[in-house]
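S.K.: The structure's right below; bear with me while I get my questions together.
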Amino acid sequence: MKLFLNGKYYSIRDESLDPNQTLLDFIRHDCGLKGTKEGCASGDCGACTVISNNEKGGFETVNACISLLGSFAEKNIFTVEALDSNIKNNNPSQTISLNKNHLNPIQQSMVDCHGSQCGFCTPGFVMSLTCLLENQKIYNEKIFDRNKVLDAISGNLCRCTGYKSILRAAEEAISENLNHNSQNLIIKSFPIEYESTRTNKNYLIPRHEDELQKLLKDIPKPEIFAGGTDKTLKITQDFEEFTSIIDISRIDSLKQILLIDDHIHIGPCVTYEQLEKNELLPLKFRKFIGQIGSTQIRNRGTVGGNIANASPIADLPPILLSWDAEIIIKDPANKKRTIPIKDFYKSYRITSLAANEYISNIKVPIESMEQHFSFFKISKRYEDDISTIMAAVTLKLNNQKIIDSKLAFGGVAEIPMRATRTEDFLIDKKIDDLSFDDINNIIDSEINPISDVRGSKSYRKSMAKNLIKKAILEINGLEPIDVFKSNSIIYPLKKPQNA
């Protein structure tokens, strides 16, 4: 396996690479670069943030703690040490720096604006903001955008500063440096052509589906990885070790979003970041993607992973359920079978996939995307958090009469589910004449949530009813009124503003 780390070329012998080793472990323990921190080991705090080159010629941030080293074959990785011009490599031309001073503009601004207190989270913030600044220069963006800063650091947590000083540091550094045209992070080319699809006897990177199918035929019970933002937690949190890992993230045919006839075809290796930017998809849906994970997670997390992991609180399945999506599955003989997503989930974390099968495509009918739809995610934090409950509603109307309905939930049963009895109740009813008491009674009988750290059973039931009501009111053009009642006085609620 071959990669560049901070401009230095590394070649790792096949037999010495542990397929379960994370990028963070390699950076800190094998390379001795301690600037990248380990906080949560679950991709939540951002202390381990590093920068990698992406396929578009720019850069992206990743959580090194939940990214497997093998997935960075042929990649360029940058840690916070790369921003220090005093670090010397064997070849001085490989020193990576944003300027000739000891600190880069983001680092210096963090000092000037008191953006660091205990300092543990600081390297992660610096890398996230440096990545934003570099990409804005690459794409010739000359205007400071505060929302882009908030998005860039949505996956970085700080327990000390209250964030205002960090935001001030970001504004000053980025505003002052956007007009510097030079691209300072250097992408190195490999001195030899990297042809092998095999980084290690246990970590395999097929480049085409026929290679993948051969591996699935030859290897018993392999683990399929793409972004690994969820599955890697089995390694870092549950201390499992996988014998064979097949990384499918380099297969181009699995990374496409295509319009074919009357369906949108989404490849399983399409990332959330790609979903968010693809104009074939409805704008409302693309805006919702910003609520999934953080920038670091969206850069690597994939559609197929979110579906195949079969979490009852996954974000995408309820939406795809409400759109009547279909899952196309292939086996080692390249035989296809198509399963409606409503039949894909069997029980808790169990799907219709056989051990040697993989998702090759997700088909979404355009007609569903053209109907009236609404979806909501409830979580403790707006950004970078796991759902407590997810609801998605799609209604087809004719003269205000509901002629088709799809209501889907996450977090109210052991699998993502459709509320079919409630759907049937809505058919042929005028949307203005709906009885929400009747709807609530049916929903109450259909869902069976549990109580856990994210919410009680009663809370989830109440939220399910309220979200369906909110969705229907929104579809009907009526804005639901959010109020807080205290001592008989009604105070209108407004969305809290970011710091």
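Residue numbers (our numbering): 555 to 1053. Idealized CB from N, CA, C, for every residue including glycine.
#1: Using 8 Å for Cβ pairs, my map puts residue 560 next to residue 627. What's the rounded Cβ distance?
#2: Between residue 714 and residue 662, what straight-line distance do the alpha-carbon atoms span, to the nearest angstrom?
#3: Would you check if the segment 882–891 and the segment 914–921 touch, i.e. whether three or more CB-CB distances between them fall below 8 Å?
#4: Just tell me which of 995, 705, 763 has its CA closest to the CA of residue 821.
#5: When you compare only the Cα positions, how much space is there between residue 1017 and residue 600?
#6: Below 7 Å CB to CB, which residues in the same chain sit around residue 608 once its five sequence neighbours on both sides are set aside?
#7: Give the DSSP-derived three-state secondary structure of residue 822 in the structure shown.
#8: Leaving out five residues on either side along the sequence, give the residues of the same chain with a beta carbon under 6 Å from the beta carbon of residue 672.
#9: What does DSSP give as the partner residue(s) for residue 945 in the beta ladder?
#10: Does residue 711 get closer than 8 Å to chain D when you measure Cβ to Cβ?
#11: Can you tell me which of 1030, 793, 830 puts its alpha carbon nearest to the alpha carbon of residue 954?
#12: Just tell me which of 939, 864, 587 has its CA closest to the CA of residue 849.
#13: Can you name, in chain order, every residue of its own chain whose Cβ lies under 6 Å from the Cβ of residue 893, other than the five neighbours on each side?
#14: Mind checking which residues open and close the beta strand (DSSP E) that includes residue 1013?
#15: What separation, rounded to the nearest whole angstrom, lies between the Cα atoms of residue 984 and residue 900?
#16: Which class does residue 560 belong to by DSSP, given the choice of helix, strand or coil?
#17: Tell me where the beta strand (DSSP E) around residue 604 begins and ends.
#18: If contacts are defined as beta-carbon pairs under 8 Å, then residue 670 and residue 631 qualify, I think. What distance do you get, rounded to the angstrom?
#19: With DSSP run on the structure shown, which of helix, strand or coil describes residue 901?
#20: Rounded to whole angstroms, what's the CA-CA distance from residue 997 to residue 928? Just pull it up for me.
#21: Are the CB atoms of residue 844 and residue 830 nearer to each other than 8 Å?
#22: Please give me, in chain order, every unbroken run of the beta strand (DSSP E) with length at least 3 that falls completely inside the segment 783–832.
#23: If you measure between the beta carbons of residue 964 and residue 868, is that distance less than 8 Å?
#24: Kindly list the residues whose CB is nearer than 8 Å to the CB of residue 1041, restricted to its own chain and excluding five residues on each side of it in sequence; keep chain order.
#25: Excluding sequence positions up to five away, which residues of its chain have a Cβ less than 8 Å from the Cβ of residue 666?
#26: Does DSSP put residue 857 in a helix, a strand or coil?
#27: Between which two residues does the beta strand (DSSP E) holding residue 588 run?
#28: Using three-state DSSP, classify residue 566 as helix, strand or coil.
#29: Express the C-alpha separation of residue 781 and residue 921 in angstroms, rounding to a whole number.
#30: Leaving aside the five residues before and after residue 952 along the sequence, list all residues of the same chain whose C-beta is less than 6 Å from its C-beta, in chain order.
#31: Taking just the CA atoms, how far does residue 966 sit from residue 802?
#32: Quick check: the Cα distance between residue 870 and residue 896, rounded to an integer number of angstroms?
#33: When DSSP builds the beta bridges, which residues end up paired with residue 757?
#34: Beta carbon of residue 592, beta carbon of residue 585: below 8 Å?
#35: What separation, rounded to the nearest whole angstrom, lies between the Cα atoms of residue 807 and residue 969?
#36: Counting C-beta neighbours from all protein chains within 10 Å, is the total for residue 980 16 or more, i.e. buried, or is it exposed?
M.R.: If we stick to the structure as given:
#1: In fact, because the Cβ distance is near 17 Å, the residues do not count as touching under 8 Å.
#2: When the Cα atoms are used, residue 714 and residue 662 turn out to be separated by approximately 19 Å.
#3: Cβ pair count under 8 Å is three or more, so yes.
#4: Comparing Cα positions, the closest option is 763.
#5: 30 Å
#6: 614
#7: coil
#8: 714
#9: 930, 963
#10: Among the protein chains of the structure shown there is no chain D, as only one such chain exists.
#11: 1030
#12: 939
#13: Counting only residues of its own chain and dropping the five nearest sequence neighbours on each side, residue 893 has a CB closer than 6 Å to the CB of 881, 906.
#14: Per DSSP, residue 1013 belongs to no beta strand (DSSP E); it is in the alpha helix (DSSP H), 1011–1029.
#15: 34 Å
#16: coil
#17: 603–607 is the span of the beta strand (DSSP E), which, as asked, contains residue 604.
#18: Actually they are not in contact, since the Cβ atoms of residue 670 and residue 631 sit about 23 Å apart, beyond 8 Å.
#19: strand
#20: The alpha-carbon atoms of residue 997 and residue 928 are separated by roughly 17 Å.
#21: Going by C-beta atoms, residue 844 is nearer than 8 Å to residue 830.
#22: 799–801, 811–814, 817–820
#23: yes
#24: Summary for residue 1041: the model assigns pLDDT 41, below 50, so the residue's position carries little reliability, and this model does not support an answer.
#25: 723, 726
#26: Taken through DSSP and simplified to helix, strand or coil, residue 857 comes out as helix.
#27: Residue 588 -> no beta strand (DSSP E), and no H or E assigned at all.
#28: Here residue 566 sits in coil by DSSP.
#29: 30 Å
#30: none
#31: 31 Å
#32: Computed Cα separation, rounded: 13 Å.
#33: 799
#34: no
#35: Spanning the alpha carbons of residue 807 and residue 969 requires a straight line of approximately 29 Å.
#36: buried
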